[in-house]
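Asker: One structure is given below, represented as structure tokens, and several questions about it will come after.
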DNA sequence: CAACGATGCCAAGTTCTGCTTATGACCTGT
DNA sequence: ACAGGTCATAAGCAGAACTTGGCATCGTTG
């Protein structure tokens, strides 16, 4: 770090621009001796006379004019910095790197983006489909600003730690049966009644939820197929591949007519929410995206948790 | 003036470069809370969160990284400024605008310039022939850094005021007679003996000196010709145009064989010296030129006045 | 799993920077 | 000669800012 106080450099600049110490002091809102002392200190710091004093004011020496030029450049840089920061805080600029899990990408994201185009037109939102575990990693490494993730009650509280979790809405898990299933329309159907079925499991974490739910219902599911694609899962069910548990948003995003969707007692919901590094909510651009998401999620479920 | 303390900006920069507040503090030679407080103040000043804190250190927000970039630019500018100043004080750079009166330009200047080429090869000396009165004006206006001027004892102390005078050497005034002058070789010749002669006067100030000297010798000279060119004056004397008073340096610079040069009692000397704005001696480049001139002038006369 | 080491923040105390007021010197112009 | 401009210096005081000490949190390690 150079041994020159940059504040004094700026003071020096205003003095040079004004042609006299007193005038510079007035512009700074200070008294003349204050500025005079600063200039003396600056000259001591740089070890050279910068100004020739006379009763008519001051004129810079050669070293003084060169230094004043540098000071001008620094002042301009400061000006630019404050302006850029103002733009960032006023959302006239800013980028948010946003990651969401696939099914939310289909359902929630488009309206949110269009909402943002209105409220913060100059905000750049770069968006990425990403599974929750990877999202957590990327958030930690600072490669992502905000992530829309889901979590099942059974899942450990994750390694939150430095991350911040804001629940958005509850995504009910539904049972999906083939149309010709004998109890497809049975109003008294429970999860335990499906103990002997073969199952189509979803992604790894959805499968964990299936197993957890089944355990509390008293059985261990026989998993025949595994896919994290909602359509594939439903088609498998449709064609007799088994039964499945799928979240409501997935079923809403990619409805398949030829299957029966049932809400069963004892099925958990998964929570959909936002994840970000602790403190990132303070970043205006991030907050803007969060607000848009909250506004979009609110009407979707009465049990939505506001933040 | 932007409302952001540039020192804090530099502190912020070192913290970002180090990845943690503590490490930044160590580099600055401070304690961690000191830096922490500065960062908090900076964030308050700009109204935005700049760093995301974690137990692993800090990572800049978007605003933080942009600001850090500006801070880098400012630091570089400061670095460049200190370097340039160091060059100026070390005489690795620098320009001196130097003015001298004509006859000195011929005699003193060439050796001085060659001397400077050795001691300060990267020093720019721009040189200008200028009469003392004009030199004073240009010094006042800051268009000249240093001037070599002469002054006669009779001349008022000039309007020194804000200017600084350093005597260099004494320039004796000599009488110039035609070779066929009846008393050309008379060892007892005095100025009073030339009362009835007609005179060739020099420049305005030299003429003033002639009149002043003549008055103390008891007569008023009859001036027939006037010229500020030393050669012309001597030629006029040679061809019977009259007698003249000319400074030694002029006679030395432009010797004319066919005249007789006499040192007479009661003739004043003119002082040759340096003039500069008060305080300009502190400028290294100016001091270098002055030193070279002093070194050059010293052997020329035993009565040289050192500074 | 507990302890350690790293990170950060906060509160309180003390040092010292830095601003003000007051004064004096100097040059300029009337 | 004096009034009005410039700047420097000295003394005093307030607030900034650095330090010390204590604590919370997180990640790692034995």
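Residue numbers (my numbering), protein chains in the order written: chain S, 8 to 314; chain G, 8 to 314. Note that the Cβ used here is the ideal one computed from N, Cα and C, for glycine as well.
Taking 8 angstroms as the threshold (beta carbon to beta carbon), is residue 128 of chain S in contact with chain G?
Answerer: For residue 128 of chain S, the answer is no, since every Cβ of chain G falls outside 8 angstroms of its Cβ.
Asker: What three-state label does DSSP hand residue 280 of chain G in the structure shown?
Answerer: Residue state, collapsed to three classes: strand.
Asker: Ignore the nearest five residues each way along the sequence and tell me which others in residue 151 of chain S's own chain have a CB closer than 7 angstroms to its CB.
Answerer: Counting only Cβ-Cβ distances below 7 angstroms, and skipping sequence neighbours, we find 104, 106, 142 and 145.
Asker: Report all residues from its chain with a CB closer than 6 angstroms to the CB of residue 23 of chain G; omit the five preceding and five following residues, and keep chain order.
Answerer: 67 and 75.
Asker: Is the CB of residue 143 of chain G under 8 angstroms away from at least one CB in chain S?
Answerer: No, because no Cβ of chain S sits closer than 8 angstroms to the Cβ of residue 143 of chain G.
Asker: Is it right to say residue 45 of chain G is buried, meaning 16 or more other beta carbons lie within 10 angstroms of its own, or is it exposed?
Answerer: Classification of residue 45 of chain G: buried, given that the 10 Å Cβ count is 16 or more.
Asker: Quick one: grab the DSSP three-state call for residue 19 of chain G.
Answerer: Reduced to three states, the DSSP call for residue 19 of chain G is helix.
Asker: With respect to the beta strand (DSSP E) encompassing residue 232 of chain G, which residues constitute its N-terminal and C-terminal limits?
Answerer: Counting along the chain, the beta strand (DSSP E) containing residue 232 of chain G begins and ends at 229–233.
Asker: Just tell me which of S:27, S:283, S:63 and S:276 has its CA closest to the CA of residue 217 of chain S.
Answerer: Measuring from the Cα of residue 217 of chain S, the nearest candidate turns out to be S:276.
Asker: What span of residues does the alpha helix (DSSP H) with residue 40 of chain S cover, start to end?
Answerer: Counting along the chain, the alpha helix (DSSP H) containing residue 40 of chain S begins and ends at 39–53.
Asker: Among G:182, G:20, G:287 and G:213, which has the Cα closest to the Cα of residue 244 of chain G?
Answerer: Looking at the Cα atoms, G:182 is the closest of the given residues.
Asker: Anything in chain S within Cβ reach of residue 290 of chain G, meaning under 9 angstroms, just list it in chain order.
Answerer: Within chain S, the residues near residue 290 of chain G are 55, 56, 59, 68, 69 and 70.
Asker: Excluding sequence positions up to five away, which residues of its chain have a Cβ less than 6 angstroms from the Cβ of residue 291 of chain S?
Answerer: These residues qualify, in order along the chain: 96 and 98.
Asker: Is residue 186 of chain G buried or exposed, if buried means 16 or more other CB atoms sit within 10 Å of its CB?
Answerer: By the neighbour-count rule (16 or more Cβ atoms within 10 Å), residue 186 of chain G is not buried but exposed.
Asker: How long is the line joining the alpha carbons of residue 122 of chain S and residue 299 of chain S, rounded to whole angstroms?
Answerer: Approximately 7 angstroms between the Cα atoms of the pair.
Asker: How about residue 232 of chain G and residue 247 of chain G: do their beta carbons lie closer than 8 angstroms?
Answerer: Their beta carbons are not under 8 angstroms apart, which means residue 232 of chain G does not touch residue 247 of chain G by this criterion.
Asker: State the start and end residues of the unbroken beta strand (DSSP E) segment that holds residue 182 of chain G.
Answerer: Element bounds for residue 182 of chain G: 170–185.
Asker: Give a yes or no on whether 8 angstroms exceeds the smallest Cβ distance from residue 45 of chain G to chain S.
Answerer: Not one chain S Cβ lies under 8 angstroms of residue 45 of chain G.
Asker: Which first and last residues belong to the beta strand (DSSP E) in which residue 131 of chain S is found?
Answerer: Looking at the DSSP string, the run of the beta strand (DSSP E) that includes residue 131 of chain S is 131–136.
Asker: Against chain G, which members of the stretch 261–293 of chain S pass a CB distance test of less than 8 angstroms?
Answerer: Flagged, chain order: 284, 285, 286, 287, 289, 290, 291 and 292.
Asker: Which class does residue 270 of chain G belong to by DSSP, given the choice of helix, strand or coil?
Answerer: Note: residue 270 of chain G maps to coil in three-state DSSP.
Asker: Along chain G, in chain order, which residues have C-beta atoms closer than 8 angstroms to that of residue 39 of chain S?
Answerer: Within 8 angstroms Cβ-Cβ: nothing; residue 39 of chain S doesn't reach chain G, min ~17 angstroms.
Asker: Could you tell me which residues DSSP puts in a beta bridge with residue 64 of chain S?
Answerer: According to DSSP, residue 64 of chain S bridges with S:61.
Asker: If the criterion is Cβ atoms closer than 8 angstroms, does the pair residue 136 of chain G and residue 109 of chain G meet it?
Answerer: A contact, by the Cβ cut-off of 8 angstroms.
Asker: How many angstroms separate the CA atom of residue 312 of chain S from the CA atom of residue 17 of chain S?
Answerer: Any reading at residue 312 of chain S is ruled out, since the residue's pLDDT is 38, under 50, leaving its predicted position unreliable.
Asker: Opposite residue 102 of chain G in the DSSP bridges: which residues?
Answerer: In DSSP, residue 102 of chain G forms a bridge with G:131.
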